[in-house]
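For reference, the structure is listed below as structure tokens.
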Amino acid sequence: MTLLLEKPARSDSPAARAPYWTMRRRDTLAGWLMVAPQLAGIVTFVLVPLGLVVWYSVHEWNVLAGTFEFVGGDNYQALANDQQLGPVLRATGLFSVGLVVLNLSLALFLAVLLNQKLRGTVVFRTLFFSPVVVTLVAWTIVWGFLLQDNGGVNAFLHVFGINGPNWLRSGGAAMVSVIVVQLFKNVGLNMVLFLAALQGVPAELYEAARIDGASAWARFRRVTVPLISPTILLTMILTIVGSLQVFAQIAVLTQGGPGTSTTVLVYYLYQQAFQFHHFGYGATLSLVLFLIVLVLTVVQWQMRKRWVFHEN
Amino acid sequence: MRLRLLIYGLLLVCCVPFVFPIWWMATTSLKPVSEIFAFPPSLLPASPTLDAYRQVFALQPFGRQYVNSLYIALVVTIGTLAVSSLAGYAFARVRFRGSGAVFLIVLTGLLVPNEVTIIPLYKMFDAFGLVDTHWPLILIPMLGAPSVLATFIMRQFFITLPSELEEAGRVDGLGRFGLFWRVCLPLARPAIGAVAIFTFLHSWNLYLEPIVFLSSKQKFTIPQALTQYVDAYGGPMWNTQLAAATLSALPVLIIFILAQRQFVEGLAQTGLKG
Numbered sequence: 002m003t004l005l006l007e008k009p010a011r012s013d014s015p016a017a018r019a020p021y022w023t024m025r026r027r028d029t030l031a032g033w034l035m036v037a038p039q040l041a042g043i044v045t046f047v048l049v050p051l052g053l054v055v056w057y058s059v060h061e062w063n064v065l066a067g068t069f070e071f072v073g074g075d076n077y078q079a080l081a082n083d084q085q086l087g088p089v090l091r092a093t094g095l096f097s098v099g100l101v102v103l104n105l106s107l108a109l110f111l112a113v114l115l116n117q118k119l120r121g122t123v124v125f126r127t128l129f130f131s132p133v134v135v136t137l138v139a140w141t142i143v144w145g146f147l148l149q150d151n152g153g154v155n156a157f158l159h160v161f162g163i164n165g166p167n168w169l170r171s172g173g174a175a176m177v178s179v180i181v182v183q184l185f186k187n188v189g190l191n192m193v194l195f196l197a198a199l200q201g202v203p204a205e206l207y208e209a210a211r212i213d214g215a216s217a218w219a220r221f222r223r224v225t226v227p228l229i230s231p232t233i234l235l236t237m238i239l240t241i242v243g244s245l246q247v248f249a250q251i252a253v254l255t256q257g258g259p260g261t262s263t264t265v266l267v268y269y270l271y272q273q274a275f276q277f278h279h280f281g282y283g284a285t286l287s288l289v290l291f292l293i294v295l296v297l298t299v300v301q302w303q304m305r306k307r308w309v310f311h312e313n
Numbered sequence: 003m004r005l006r007l008l009i010y011g012l013l014l015v016c017c018v019p020f021v022f023p024i025w026w027m028a029t030t031s032l033k034p035v036s037e038i039f040a041f042p043p044s045l046l047p048a049s050p051t052l053d054a055y056r057q058v059f060a061l062q063p064f065g066r067q068y069v070n071s072l073y074i075a076l077v078v079t080i081g082t083l084a085v086s087s088l089a090g091y092a093f094a095r096v097r098f099r100g101s102g103a104v105f106l107i108v109l110t111g112l113l114v115p116n117e118v119t120i121i122p123l124y125k126m127f128d129a130f131g132l133v134d135t136h137w138p139l140i141l142i143p144m145l146g147a148p149s150v151l152a153t154f155i156m157r158q159f160f161i162t163l164p165s166e167l168e169e170a171g172r173v174d175g176l177g178r179f180g181l182f183w184r185v186c187l188p189l190a191r192p193a194i195g196a197v198a199i200f201t202f203l204h205s206w207n208l209y210l211e212p213i214v215f216l217s218s219k220q221k222f223t224i225p226q227a228l229t230q231y232v233d234a235y236g237g238p239m240w241n242t243q244l245a246a247a248t249l250s251a252l253p254v255l256i257i258f259i260l261a262q263r264q265f266v267e268g269l270a271q272t273g274l275k276g
């Protein structure tokens, strides 16, 4: 705003009688009109509800009796005493870490493969990307079908003499399953972003490294990774935030089970609020989710300074 | 040569978990129930039948649900494009009082996933009597948190346009909205394409919002409808579910195969690259 004050008067405005509708005033009006729908939307559908989440978290809501009472810190007390919360946070963490590590490694691996000057890479790129456009629930249903005890995955493993577990009904395997289903659904998106970044790495750098006698692995570590680090950071942020929002896969594949082994935070808050009608406690859990997203985003933003090699 | 064979081999192996489920979904939907769990499983149906597809429409108003998903996704996409291109343009090219502060407010949308605010959003729409209507599924994505990413992408694109373009437009007597509509928007096709794809897929895939807000089958969207094909004991009717799943995936998949260049490159070129 000070910037506007410091700006010299425009030379093209008539000096004699300054009209009210100067360019600057007109721009201010146009600017506000243009951002108005977005601003109104954010206030109505993000900021007000966020405030309400805080408000609800100190209330208890009895839907059947139609009461809405102030309960102070009761919901937070309940949070501290919740035996389920530990396992839920653990499942959420396991899912996120597993997914992010596998997703970024596989995406980078596929992008490097596709970045070779070979015929037919466009076909492969299309195939790897295709699950992205398949309806999420449809993709989850077919995997649910394949992962059954007598389903396709175990039939495939049987060919190699391996007796697969009942994937969706045993703890560790269920978590692996939901991670894998999500991994193949969306890894194509990150792969495409990596591919775009790889194509931006100047060939001369590889040439120079080769002359210096760097091995393929050294070229990858010393040239490729630093140059595409902004993309790595971006995909990491998008993938982590996305992994915290996972819901449909859990709801369709495991309903959070067996036990609570795949009950991630969003699924737990959905259960509390919309199945058990504990809206106040659900709001408290929403705040926990918000804080986790907030902290992770800030940490990653800070990491950018230390970690991202070049940024333009 | 050796290296080349190795790379092709790796690519082929990697393809399996991406392509096989889609193949399995389509072929199993054509199998009669007796064949579904045949061992060893067959890659092609021995005696293909359309029974499952008949079931899809007989058990639920699937056509209606399809239209619901389609029109909601289209309205959300067009609406998001309007909202985000205007806001993105203003943040990138218009210098106005308060622009910085508004931009920060809008960016908070990136920090607050819809899942965090789903409880108050439900209560708000309930208070307005809009639960079990399509309004929440249209208004929240179009104006709320999901549109912020779209605004950000549009802004990143508009920033890259050279200022000479707008100066030339000004000489021709265009105002702000004229510059936006006549000069800048037509140039923004790659960004518009990417935002449109993102937004359409996001709306098409929504699951939490529909199951929270909708309760009558006539109003269901596809993802929600897919899980409703269960037998009397609550067990899934696999071939029917997979037939419905195939029907849900087919149109988008076909468009994607026809226009995969625009899809992939559009998404890669939106300022999202580092």
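Each protein sequence line maps, in turn, to chains A and B.
According to this note's numbering, the first sequence is numbered sequentially starting from 2.
According to this note's numbering, the second sequence is numbered sequentially starting from 3.
Glycine included, C-beta positions come from ideal geometry on N, C-alpha and C.
The model shown is predicted, which means the values in this text are computed figures rather than measured ones.
According to DSSP, residues forming a beta bridge with T93(A) | Sequence index remark: in the first sequence, residue 93(A) carries index 92 (1-based). The partner list for T93(A) (beta bridge, DSSP) is empty, contrary to what the question assumes.
Three-state secondary structure (DSSP) of E267(B) | Counting from one through the second sequence, the residue named residue 267(B) turns up at place 265. It is helical.
If the cut is a Cβ gap below 8 Å, which residues of chain E does N207(B) touch?
-> Given the protein chain composition of this structure (A and B), no chain E is represented.
Whose CA, out of Q276(A), P38(A), P259(A), lies closest to the CA of A84(B)?
-> Here residue 84(B) refers to the residue found at position 82 of the second sequence. The shortest Cα separation from A84(B) among Q276(A), P38(A), P259(A) belongs to P38(A).
Identity of the residue in H279(A), L235(A), A219(A), Y282(A) nearest M338(A) by Cα = Residue 338(A) lies beyond the stretch modelled for chain A, which goes from 2 to 313, so this question has no answer here.
Spell out whether any CB of chain A is found under 8 Å from the CB atom of M27(B).
-> What you label residue 27(B) is simply residue 25 of the second sequence in a count that begins at 1. It does; some Cβ of chain A falls within 8 Å.
Do we get a CB-CB distance below 8 Å when we pair C186(B) with the residues of chain A?
-> Counting from 1 along the second sequence, the entry for residue 186(B) is found at position 184. It does not; no Cβ of chain A falls within 8 Å.
H60(A) (DSSP reduced to helix, strand or coil) = In the first sequence, counting from the first residue as 1, residue 60(A) sits at position 59. It is a strand residue.
Which class does P164(B) belong to by DSSP, given the choice of helix, strand or coil?
-> Working through the second sequence from its first residue, we reach residue 164(B) at position 162. Three-state DSSP puts P164(B) in coil, outside helix and strand.
When Cβ atoms are compared, which residues of the segment 230-247 of chain B fall closer than 7 Å to chain A?
-> W240, Q243, L244, A247
Which term fits N151(A), buried or exposed, when burial requires 16 or more other beta carbons within 10 angstroms of its beta carbon?
-> As a first step, residue 151(A) is located in the first sequence; it is residue number 150 there, counting from the start. Looking at its Cβ environment, which holds fewer than 16 other Cβ atoms inside 10 Å, N151(A) is exposed.
Counting only the same chain and skipping the five closest in sequence on each side, list residues whose C-beta sits under 6 Å from that of I293(A).
-> Along the first sequence, read from residue 1 onward, the residue named residue 293(A) stands at position 292. So no residue of the chain qualifies.
Would L269(B) count as contacting chain A if we go by Cβ distances under 8 Å?
-> As a position in the second sequence, residue 269(B) is number 267, starting the count at 1. It does: the Cβ of L269(B) has a partner Cβ on chain A nearer than 8 Å.
Would the beta-carbon of F185(A) fall within 8 Å of that of F20(B)?
-> Reading the first sequence from its first residue, position 184 is the one you call residue 185(A). Reading the second sequence from its first residue, position 18 is the one you call residue 20(B). The answer is yes: Cβ separation under 8 Å.
Which runs of the alpha helix (DSSP H), 4 residues or longer, sit entirely within the segment 15-79 of chain A?
-> 24-43, 49-58
Between the Cα of V78(B) and those of W240(B), V185(B), M3(B), A152(B), spot the shortest distance and give me the residue it belongs to.
-> Here the question's residue 78(B) lines up with position 76 in the second sequence. Nearest of W240(B), V185(B), M3(B), A152(B) to V78(B), Cα basis: A152(B).
Please classify P231(A): does DSSP put it in a helix, a strand, or coil?
-> As a first step, residue 231(A) is located in the first sequence; it is residue number 230 there, counting from the start. Three-state result, P231(A): helix.
At which residues does the alpha helix (DSSP H) containing T127(A) begin and terminate?
-> Sequence index remark: in the first sequence, residue 127(A) carries index 126 (1-based). Here the alpha helix (DSSP H) through T127(A) covers 122-134.
Use the C-beta contact count for F179(B): other C-beta atoms within 10 angstroms, 16 or more gives buried, fewer gives exposed.
-> In the second sequence, the residue the question calls residue 179(B) occupies position 177. Counting Cβ neighbours within 10 Å, F179(B) comes out exposed, since fewer than 16 surround it.
Residue range of the alpha helix (DSSP H) that includes D53(B) = Taking the first residue of the second sequence as position 1, residue 53(B) is located at position 51. Where D53(B) is concerned, the enclosing alpha helix (DSSP H) stretches over 53-61.
8 Å Cβ cutoff met for W206(B) and S86(B) = Stepping through the second sequence from its first residue, residue 206(B) is reached at position 204. Stepping through the second sequence from its first residue, residue 86(B) is reached at position 84. Result no, Cβ atoms of W206(B) and S86(B) do not sit closer than 8 Å.
Opposing strand residues paired with P238(B) [DSSP bridges] = Taking the first residue of the second sequence as 1, we reach residue 238(B) at position 236. DSSP output for P238(B) lists V232(B) as bridge partner(s).
Do V89(A) and V72(A) have their C-beta atoms within less than 8 Å of each other?
-> Position 88 of the first sequence, counted from the start, is the residue given in the question as residue 89(A). Position 71 of the first sequence, counted from the start, is the residue given in the question as residue 72(A). The answer is no: Cβ separation not under 8 Å.
Alpha helix (DSSP H) containing A219(A): first to last residue?
-> Walking along the first sequence from the start, residue 219(A) turns up at place 218. Note, A219(A): alpha helix (DSSP H), 217-220.
Hey, how far is the Cα of R170(A) from the Cα of L61(B)?
-> Walking along the first sequence from the start, residue 170(A) turns up at place 169. Walking along the second sequence from the start, residue 61(B) turns up at place 59. Approximately 29 Å between the Cα atoms of the pair.
Using a beta-carbon distance below 8 Å, is F275(A) in contact with chain B?
-> Locating residue 275(A) in the first sequence gives position 274, counting from the first residue. Yes, contact with chain B.
For the segment 172-223 of chain B, which segments carrying the alpha helix (DSSP H) assignment without a break, of at least 4 residues, lie completely within its bounds, in sequence order?
-> 191-207, 210-215
So, does the CB of Q264(B) fall closer than 8 Å to a CB anywhere in chain A?
-> Against the second sequence, residue 264(B) aligns to sequence position 262. No, no contact with chain A.
G201(A): which of M237(A), N116(A), V182(A), A81(A) sits nearest, CA to CA?
-> The residue you call residue 201(A) lines up with position 200 of the first sequence. Of M237(A), N116(A), V182(A), A81(A), the residue nearest in Cα terms is N116(A).
If you draw a straight line from the alpha carbon of Y209(B) to that of G153(A), how long is it in whole angstroms?
-> On the second sequence, position 207 is the one that residue 209(B) refers to. On the first sequence, position 152 is the one that residue 153(A) refers to. If you take the alpha carbons of Y209(B) and G153(A), they lie about 26 Å apart.
Is DSSP giving K125(B) helix, strand or coil here?
-> Taking the first residue of the second sequence as position 1, residue 125(B) is located at position 123. Helix, per DSSP.
Among I107(B), R172(B), F160(B), P212(B), which one has its Cα closest to the Cα of L189(B)?
-> One-based indexing of the second sequence puts residue 189(B) at position 187. The shortest C-alpha separation from L189(B) is found at F160(B).
When the Cα of I38(B) is compared with those of V267(A), V182(A), F146(A), which residue comes out closest?
-> Locating residue 38(B) in the second sequence gives position 36, where the first residue counts as 1. The shortest Cα separation from I38(B) among V267(A), V182(A), F146(A) belongs to F146(A).
Just the chain B side, please: which residues come within less than 9 Å of L1(A) by C-beta, in chain order?
-> Outside the displayed span of chain A (2 to 313) sits residue 1(A), for which this structure offers no information.
Quick one: is V173(B) buried, meaning 16 or more other Cβ sit within 10 Å of its Cβ, or exposed?
-> Translated into the one-based positions of the second sequence, residue 173(B) becomes position 171. So V173(B) ends up on the exposed side.
Chain B residues whose Cβ lies nearer than 8 Å to that of N116(A) = The count along the first sequence starts at 1 and reaches residue 116(A) at position 115. Neighbours of N116(A) on chain B: none; closest Cβ ~10 Å, over 8 Å.
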